[in-house]
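408 is the number that our numbering gives to position 235 of the sequence shown; each next residue is one higher, with no gaps. The C-beta atom is built at its ideal place from N, Cα and C for all residues, glycine as well. Presented below is the structure to which this report refers.
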Amino acid sequence: MNSPDKPANEELLFSEGPRSRWSEFVFACNVFTQLIKGFRAFHFLGPCATVFGSARFKEGHPYYESARKMGSELAKMGFTVMTGGGPGLMEAANRGAKDVNGKSVGCNIFLPSEQFPNPYLDKWVTIRYFFVRKVLLSKYSYAFVVMPGGYGTLDEFFEAITLMQTNKIKKFPVVLFGKDFHHKLYDHILHLVVIGTIAAEDVALFILTDSTEEAIKHIDEFAVKQFNLNRKKIIKPSALLGEQEQLLEKK
């Protein structure tokens with residue numbers, strides 16, 4: 174396994190500004206390699222729903238139980254449940270999918286204090302760069318559920334709705350789960366409308382709810398039905414390219 178310190182050091186060097194042309198070329202190749210690694214791992218999953226959330230809420234916490242229930246309901250709908258692959262609410266969502274024999278995958282990340290994949294994953298990849306990880310978490314998903322979390326979770330939430338606001342991706346359903354946890358954030362978003370930095374219709378890019386049933390209904394209406402996912406074409410692997418259909422590939 175690669176050292177978790179190596180990619181962090183590479184990213185620190187990259188952010189210092191121009192380097193040699195060779196160093197920049199090598200970095201670009203590393204990014205491309207990471208993308209291809211993710212593409213090959215997740216190409217045959219079928220429609221995914223990504224659940225974002227904190228790594229810090231453990232089993233027994235109400236948010237953990239909510240995330241687990243959400244994972245189960247998404248899997249019952251036929252989604253492959255995708256998370257960042259770590260512990261906490263990511264683990265809970267993956268665990269919920271496995272509770273109902275659904276598909277469960279993760280896109281893990283090297284960190285200085287290494288984040289290990291949770292035990293409820295059928296498949297995962299471990300990525301060096303956060304921005305590559307975010308590309309993979311969004312590329313295969315038709316719905317996003319944002320559970321309570323910290324900076325990373327909010328970063329993922331705002332990136333998703335920014336991409337939709339700017340028409341860089343389609344208007345997929347986004348669920349911000351936890352009214353009590355997110356109420357000040359929601360109030361601030363409404364304040365952005367008042368002062369004119371976002372439009373009123375931008376608030377409709379997501380729903381805020383405490384109800385798993387409301388979340389699932391929203392996802393059914395604006396993902397399953399809108400994109401006709403029940404009739405989504407299945408992509409088959411190519412033996413010529415060394416591709417395999419089995420889900421289990423832990424690396």
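Can you name, in chain order, every residue of its own chain whose Cβ lies under 6 Å from the Cβ of Lys271, other than the five neighbours on each side? Ser277 and Tyr293
Span separating the alpha-carbon of Ala222 from that of Arg213: 18 Å
Would you mind working out which of Ser227, Glu238, Gly233 and Phe217 sits nearest Phe252, comparing C-alpha positions? Phe217
4 or more residues per run - each alpha helix (DSSP H) lying fully within the segment 295-378: 303-312, 324-338 and 352-368
For Ile362, I'd like the list of residues in its chain whose CB is within less than 7 Å of its CB, leaving aside the five on either flank, ordered along the chain. Val376
Looking at Gly351: is its Cβ nearer than 8 Å to the Cβ of Asp393? no
Quick one, are the C-beta atoms of Ala373 and Ala316 less than 8 Å apart? no
Along the chain, where does the beta strand (DSSP E) containing Leu381 start, and where does it finish? Ile380 to Thr382
Rounded to whole angstroms, what's the CA-CA distance from Lys312 to Arg192? Just pull it up for me. 30 Å
Residue range of the alpha helix (DSSP H) that Asn203 falls in? Arg194 to Phe215
What residue from Leu358, Val348, Leu402 and Asp360 has the CA that sits closest to Thr385's CA? Val348
Residues in its own chain within less than 6 Å of Phe330 by CB, not counting five upstream and five downstream? Val319
DSSP three-state label for Thr401, please. Per the sequence presented here, residue 401 reads as Asn, with Thr not at that position. Coil at Asn401, not helix or strand.
Cβ-Cβ separation, Gly322 to Gly226 (assumed contact under 8 Å), whole Å: 5 Å
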